[in-house]
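Please read the structure below before turning to the comments.
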Amino acid sequence: MRVAVTTTMLRKEDRAMTSILHRSLSATALGGALAMLPALVSAQQTDDGFNVYGHLNLGVLTVDDGVSTDSIFTDNDNSNSRVGFTYDKTFETGNKLRFHFETAIGLTGSSGATASNDDFDIDPTRRDIRRVDLQYTVGNVGKFYIGQGSTATDGIAENDLSKTGVITYSSVQDLAGGNAFRLADGSVSNVRINQAFSAFDGGRRFRVRYDTPNFNGFTFSGSFGTEVLARNDDREFTDLAATYKGGFADFDFVAGLGYASINNGAETVAGSASIFHKPTGLNFTLAAGENLDTNADSLYVKAGIVRDWFSIGETALAIDYTRGRDFVSAGSESDSYAISAVQKIDNLNTEIFATFRTYEFSDTSGSSFQDIDTSFVGARWRF
11 MRVAVTTTML
21 RKEDRAMTSI
31 LHRSLSATAL
41 GGALAMLPAL
51 VSAQQTDDGF
61 NVYGHLNLGV
71 LTVDDGVSTD
81 SIFTDNDNSN
91 SRVGFTYDKT
101 FETGNKLRFH
111 FETAIGLTGS
121 SGATASNDDF
131 DIDPTRRDIR
141 RVDLQYTVGN
151 VGKFYIGQGS
161 TATDGIAEND
171 LSKTGVITYS
181 SVQDLAGGNA
191 FRLADGSVSN
201 VRINQAFSAF
211 DGGRRFRVRY
221 DTPNFNGFTF
231 SGSFGTEVLA
241 RNDDREFTDL
251 AATYKGGFAD
261 FDFVAGLGYA
271 SINNGAETVA
281 GSASIFHKPT
291 GLNFTLAAGE
301 NLDTNADSLY
311 VKAGIVRDWF
321 SIGETALAID
331 YTRGRDFVSA
341 GSESDSYAIS
351 AVQKIDNLNT
361 EIFATFRTYE
371 FSDTSGSSFQ
381 DIDTSFVGAR
391 WRF
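In this text, residue positions in the sequence shown follow the working numbering: the first is 11, and each later residue adds one.
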């Protein structure tokens, strides 16, 4: 096992990146967020304390690319193994301050695992950091964030009530994205799964963000930030989103729609919705997105059922299909479909899961690409 924790934060490149960050964040937004801190420190406080959490999510990924079949023990990048903590303070006014830290553990993940990269290593890097931020909540005003964390569109294409998200959701490339399609003659093409599929979901950046209060289930969000964890990346990100969480009669319903713009000119829109019928456990999920510059687009549909068939916990079953167009080149087509099962074990805080997924790709070059069949069996344990 190789353990290689990076200590690059003090290097010259990082000092230069930090300088870029300070220039890129608007003085008004940053100053406004920092201006709240003196009042927070001087206020009478009630110590709500620490909450530590995390999960391990491991399994065996099997990939059949039409020529060879390989099985790899790996982290599940649909929800990679992680650890985090929150520290909360509640003020006499009812306002709340939270510090939130979360990082992936750095295990070899399924989205990058291939026959030539099948070692199971612990190799954490700074890109595994998911959250280091402050959140300040004012009941009738909303929530303010500053630091590394979710942009306004993070999760906008992933609203899903099927209870199978641990192994299958709209970002289907997270299962085995590093694997390349083979041509009809068995040679490896230059097209990988993660190039042919995307849900256009948002990401995590160093950002300032604001969420409105909940208006009858609706919340509106905006964020502005920059990339600080990747080297030589000075792009700026602006995100806007609207989400709904609620329901009616015997139905739970969630939905969201978002717009993201990068200062290099790229623009995307994405959204998703999911409905769950409580008496029967039947559910349906829809997600879609488009790159407004390249016209690449995706559509994802899922149907599922959740039932208490066993005393140990709920059982969730789902089938899904995703279609992508124009991702790799104009006229290219990407299709994937899967069947999945998740069994909860309540008294162990564990979910056991299994999925079988097929990826298909074609383009206008005249070349024929072989399908890639994948399966993943594993478990997620929460603590």
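Even for Gly, the Cβ is constructed at its ideal location relative to N, Cα and C.
Under 8 Å between C-beta atoms of residue i and residue j
i, j, result
"Ile272", "Ile382", "no"
"Thr84", "Leu71", "yes"
"Ile166", "Gly281", "yes"
"Ala313", "Ile329", "yes"
"Val218", "Ser231", "no"
"Gly159", "Arg141", "yes"
"Ala326", "Thr174", "yes"
"Phe337", "Gln205", "yes"
Alpha-carbon to alpha-carbon, residue j and residue i
i, j, result
"Ala298", "Glu102", "43 Å"
"Thr161", "Tyr269", "11 Å"
"Gly59", "Glu370", "49 Å"
"Phe363", "Asn90", "14 Å"
"Gly122", "Glu300", "24 Å"
"Glu277", "Val387", "36 Å"
"Val73", "Thr384", "5 Å"
"Thr360", "Thr368", "26 Å"
"Val2", "Leu107", "Because the chain spans 11 through 393 in this model, residue 2 falls outside it and cannot be assessed."
"Glu246", "Asp307", "23 Å"
"Thr365", "Asp128", "20 Å"
"Thr374", "Gly187", "22 Å"
"Tyr451", "Asp143", "Outside the displayed span of the chain (11 to 393) sits residue 451, for which this structure offers no information."
Check: residue i C-beta below 7 Å from any heavy atom of the ligand FAD
i, result
"Asp85", "Although the ligand FAD was asked about, the structure shown includes no ligands whatsoever."
Residues of its chain near residue i, where Cβ-Cβ distance is below 7 Å and the 5 sequence neighbours each way are ignored
i, result
"Leu292", "Ile315"
"Arg392", "His65, Asn359"
Residues near residue i in its chain [Cβ-Cβ closer than 8 Å; skip 5 each side]
i, result
"Ala49", "With a pLDDT of 42 at Ala49, under the threshold of 50, the predicted position of this residue should be treated as unreliable, though the coordinate-derived value follows. Within the same chain, Ala49 has no close Cβ partners at all."
"Tyr347", "Ile329, Asp330, Tyr331, Thr332, Arg367, Thr368"
"Arg92", "Gly64, His65, Glu112, Thr113, Ala114, Ile115, Arg140"
Nonlocal neighbours in the same chain, by C-beta distance under 6 Å from residue i, ignoring five residues either side
i, result
"Thr163", "Gly212, Asp249, Ala251, Gly268, Ala270"
"Phe207", "Val182, Gln183, Gly334, Ser344"
"Tyr254", "Gly227, Phe228, Ala265"
"Thr124", "Gly188, Asn189"
"Ile349", "Ile329, Phe366"
One or two residues paired with residue i in a DSSP bridge
i, result
"Val148", "Gly152"
"Lys113", "Per the sequence shown, the amino acid found at residue 113 is Thr instead of Lys. For Thr113, which the question treats as bridged, DSSP gives the partners Val93, Ile139."
"Leu250", "Gly232, Tyr269"
"Ser282", "Gly266, Ala297"
"Asn67", "Arg390"
"Asp383", "Asp74, Thr368"
"Ala313", "Phe294, Ile329"
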